[in-house]
Structures are given as C-alpha cells and as structure tokens.
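Residue numbers (this note's numbering): 667 to 777.
Where is the CB? At the ideal position from N, CA and C, for every residue including glycine.
Report on one structure; see the data block that follows.
Dropping the structure here:
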C-alpha cells in the first residue's frame, strides 16, 4: 500500500455532504424522483457506500453502466430500489439481469 505522502493526492469522501447535496436537490424537484448515477463504482467514490447513503435520504432509483455493476450494487443494497443498466445487456445475460431485478436501458431497436 502506498503511503499518503507518496500518493501525491488524497481523496476523502464525505458521505454526509453527498446526503446533504441529495436532500437539497430533491427539495427543488417538487416531488419528482431523483436518481443516483453510480457508474464506474460511483466514479471511484464507492458505489455501495454512496448508494447506501442516498437510500437513507429516500433515493430509490439508481443507474449503472454495466450489468456487473448492477449486480454488485444489488448485492450491496438489497432488493427494493430500481437499478437501471445504461449500456443495456450483453446477449444471453437477460436471466442474470432478471434474477438481480435489474432493468436494462434500451439504446437501439436491435436491443
């Protein structure tokens, strides 16, 4: 493991700030659902931790890029929230997505 001094930069994730930002955004939406986009492990912030924090504020819809991300997120947060897979599904993976309760986003007529 690299020491903090050797790393050159340190990123600290403030889940309380993420929750507050979500609360403020949601308050401006007048009852419209607000989603969390957690592609690439929450853009490196830790999708499971961010999703858990957002769920505590009432967020019940999430977007990921890939099927594997959706399955990992479902395993982390459990049943309930809607999870959409932005890149659709690889051919033949439909049963796996259905078992995890994921919803593919359709990007073309071929899909």
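Contact belief for residue i with residue j at Cβ below 8 Å, rounded distance in angstroms
i           : j           : result
residue 713 : residue 704 : 4 Å
residue 752 : residue 731 : 5 Å
residue 766 : residue 736 : 6 Å
Residue of the options minimising C-alpha distance to residue i
i           : options            : result
residue 699 : 750, 690, 683, 727 : 727
residue 756 : 688, 671, 769      : 769
residue 707 : 688, 690, 729      : 729
Start and end residues, alpha helix (DSSP H) containing residue i
i           : result
residue 770 : First-last for residue 770: 768-770, but that is the beta strand (DSSP E), not the alpha helix (DSSP H).
Continuous beta strand (DSSP E) stretch holding residue i: start and end
i           : result
residue 716 : Not the beta strand (DSSP E): residue 716 falls in the alpha helix (DSSP H), residues 713-722.
residue 727 : 727-730
residue 749 : 748-751
Check whether residue i and residue j have beta carbons under 8 Å apart
i           : j           : result
residue 716 : residue 743 : no
residue 773 : residue 754 : yes
residue 679 : residue 670 : no
residue 697 : residue 725 : no
residue 723 : residue 689 : yes
Residue environment, residue i, which counts as buried when at least 16 other CB atoms sit within 10 Å
i           : result
residue 749 : buried
residue 710 : exposed
residue 740 : buried
residue 733 : buried
residue 763 : buried
residue 668 : exposed
residue 674 : exposed
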